[in-house]
Structures are given as C-alpha cells and as structure tokens.
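Peer 1: As they're listed, the protein sequences go chains B and D.
Take 8 as the starting number for the first sequence in the numbering used here and just add one per residue.
Take 654 as the starting number for the second sequence in the numbering used here and just add one per residue.
From the three backbone atoms N, C-alpha and C, an ideal C-beta is built for every residue, glycine too.
Because the structure is a prediction, the values reported are computed rather than measured.
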Amino acid sequence: MPAHPAPSGPGWANLGMDIVSVKRVRRLLDEYGEGFFERMLTPGEIADCRNSTGLDVLSLCGRIAAKEAAFKTLRVRDRFLPWLDIVVRRSDGGWPLVHLRGGARRMAAASGITEVTVSISHDVDYAVAVAAPIITEPKGETP
Amino acid sequence: MTDGLDQVKAWIVKRHPDRDDIAPDLDLIENRLIDSLSFVEFVFLLEQVSGRSIDMDTLEVDSIRTLEAIDRTFFKARVS
Numbered sequence: 008m009p010a011h012p013a014p015s016g017p018g019w020a021n022l023g024m025d026i027v028s029v030k031r032v033r034r035l036l037d038e039y040g041e042g043f044f045e046r047m048l049t050p051g052e053i054a055d056c057r058n059s060t061g062l063d064v065l066s067l068c069g070r071i072a073a074k075e076a077a078f079k080t081l082r083v084r085d086r087f088l089p090w091l092d093i094v095v096r097r098s099d100g101g102w103p104l105v106h107l108r109g110g111a112r113r114m115a116a117a118s119g120i121t122e123v124t125v126s127i128s129h130d131v132d133y134a135v136a137v138a139a140p141i142i143t144e145p146k147g148e149t150p
Numbered sequence: 654m655t656d657g658l659d660q661v662k663a664w665i666v667k668r669h670p671d672r673d674d675i676a677p678d679l680d681l682i683e684n685r686l687i688d689s690l691s692f693v694e695f696v697f698l699l700e701q702v703s704g705r706s707i708d709m710d711t712l713e714v715d716s717i718r719t720l721e722a723i724d725r726t727f728f729k730a731r732v733s
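1. With distances taken from CA atoms, which of B:Asp130, B:Leu104, B:Arg82 and B:Ile127 is nearest B:Gly119?
2. If you check the beta carbons only, do B:Leu22 and B:Ala111 fall under 9 Å apart?
3. B:Arg34: buried (16+ other C-beta within 10 angstroms of its C-beta) or exposed?
4. Measure the alpha-carbon distance for D:Gly704 versus B:Ile142 and round it to whole angstroms.
5. Could you tell me whether the Cβ of B:Gly119 comes closer than 9 Å to any Cβ of chain D?
6. Please state whether the Cβ-Cβ distance between B:Ser128 and B:Gly69 is less than 9 Å.
7. In terms of residues, what are the limits of the beta strand (DSSP E) holding B:Ile53?
8. Which same chain residues end up closer than 8 Å to D:Asp715 when comparing Cβ atoms and leaving out the 5 residues on each side of it in sequence?
9. Count the other CB atoms within 10 Å of the CB of B:Trp2; is the residue buried (16 or more) or exposed (fewer)?
10. Can you give me the start and stop residues for the beta strand (DSSP E) that B:Thr124 sits inside?
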C-alpha cells in the first residue's frame with residue numbers, strides 16, 4: 008500500500024534522492040566479490056558498470072543510488088527495495104534509464120506512476136541520484 | 654539468546670560503533686541500523702548464520718525489524 012501523501016495527479020510528484028559511499032561499496036566488493044552484487048543488479052546493469060579493469064566502483068555506487076532514489080518516489084512503507092525489479096540501464100546517449108518491473112511496477116501502479124526518471128552524479132567518494140516519477144493522468148478525468 | 658542471534662547482534666554492533674548494545678525490541682530500521690544497502694549484506698549474513706535460504710522478494714519487514722523478531726523468525730522456529 009502506498010504511504011501518504013501519494014501522488015494524486017498532474018502537478019504532484021514525490022522526488023527521491025539517495026547517496027552512496029564508495030567506501031561502503033568497495034568494502035562489499037572486497038569482502039564478498041562481484042557475486043554479491045548479483046542480488047542487487049541485473050546482469051545487464053553489472054555489464055554497464057564494467058570497464059577494462061573490472062567493475063567500476065563509482066558506477067556501482069551510482070547504480071545503487073539510482074535504484075534507491077527511484078524506490079523512494081514510490082512512497083511505500085514496510086517494503087524492502089525490490090533491487091532486481093528496478094532496473095537502471097545506460098542509454099545510447101549515456102544517461103540512465105529506469106525500467107520498473109514485477110513488484111516495483113505494481114507498487115508504482117498503486118500510486119499512479121508509470122515511469123521513473125533519474126539522474127546520477129558522482130565524485131571521488133560518493134555517488135548521488137535524484138529521481139522523479141512520471142504520473143499518468145487517470146483515464147476519464149481529463150477536461 | 655541463541656548463538657546465531659549473538660552473531661547477528663555482533664555484526665550490527667561492529668558496523669555501528671556508537672552502540673555497545675542493542676535492545677531486543679529496538680527497531681533496527683527506524684534507527685537506521687539496517688538500510689537498503691546493508692539489508693542485502695544482512696540477508697547474506699542471516700543465510701550464513703541460520704543455514705536457510707532467504708527470498709528477499711518475499712521477506713517481511715517485520716521479520717527483521719527487531720532482534721526479537723529475527724530470533725523468532727530465523728532461529729527459534731527451527732527447533733520448535
């Protein structure tokens with residue numbers, strides 16, 4: 008169930024924002040290896056984070072922050088982030104694209120959200136992301 | 654308190670050195686002792702300690718909200 012206040016139509020949007028520490032993610036990578044992130048990122052997302060030397064930690068942080076930011080726009084409570092149902096891929100143009108599926112899509116639909124747009128930024132020690140929902144006007148209520 | 658729960662408690666305290674103890678009924682989520690990122694690692698730990706596979710998609714928030722709930726869900730349930 009969506010927590011109040013929920014998006015109620017055009018003009019109302021719950022933004023989501025998140026910050027992820029490189030130090031934390033690097034520790035996870037060092038301690039558990041790449042396999043750990045398969046619980047959080049799809050194979051395609053992991054591929055997006057890979058460079059010639061392996062997984063790029065800043066990219067991982069950005070992807071994780073984007074998922075959390077997107078999840079926050081859904082304003083649901085008592086639910087864990089459905090990591091693999093919020094997919095953040097790199098577009099041909101280089102900007103991130105969010106694809107909601109499964110449980111995340113159902114949570115979004117309960118709030119009238121059809122899509123989520125996100126922006127990611129990072130610098131040495133942190134990655135941040137901000138997300139905004141795209142709300143579809145209910146059918147039959149347009150003037 | 655079970656040995657498994659002791660390990661869980663020690664894991665949390667190690668990551669939050671500002672705390673030297675955690676009350677059994679303390680809300681771990683409201684008090685930010687477990688967040689989205691650490692949740693994944695926490696589930697990994699619970700799987701190792703309890704010997705059970707955990708489906709993150711179906712896991713109820715209330716089942717890991719407190720040490721009491723964790724004990725009830727992942728440790729005591731095995732021997733009852």
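Peer 2: Here's the rundown:
1. To locate residue 119 of chain B, count along the first sequence from 1; it is residue 112. Of B:Asp130, B:Leu104, B:Arg82 and B:Ile127, the residue nearest in Cα terms is B:Arg82.
2. Position 15 of the first sequence, counted from the first residue, corresponds to residue 22 of chain B. Position 104 of the first sequence, counted from the first residue, corresponds to residue 111 of chain B. Taking a C-beta distance under 9 Å as the contact criterion, B:Leu22 and B:Ala111 do not qualify as a contact pair.
3. The residue given as residue 34 of chain B occupies position 27 in the first sequence. B:Arg34 should be labelled exposed.
4. Within the second sequence, the letter at position 51 stands for residue 704 of chain D. Within the first sequence, the letter at position 135 stands for residue 142 of chain B. So the alpha carbons of these two residues sit roughly 43 Å apart.
5. By 1-based counting over the first sequence, the position of residue 119 of chain B is 112. Output row for B:Gly119: interface = no.
6. One-based indexing of the first sequence puts residue 128 of chain B at position 121. One-based indexing of the first sequence puts residue 69 of chain B at position 62. The answer is yes: Cβ separation under 9 Å.
7. The residue given as residue 53 of chain B occupies position 46 in the first sequence. Run containing B:Ile53: none in the beta strand (DSSP E); it sits in the alpha helix (DSSP H), Pro50 to Asp55.
8. For the purposes of this step, residue 715 of chain D is identified with residue 62 of the second sequence, where counting begins at 1. Residues of the same chain with a CB within less than 8 Å of the CB of D:Asp715, apart from the 5 flanking positions on each side, are Ala722 in chain order.
9. Only positions 8 to 150 of chain B appear in this structure, which leaves residue 2 of chain B out of reach.
10. Sequence index remark: in the first sequence, residue 124 of chain B carries index 117 (1-based). Its beta strand (DSSP E) spans residues Ile120 to Asp130.
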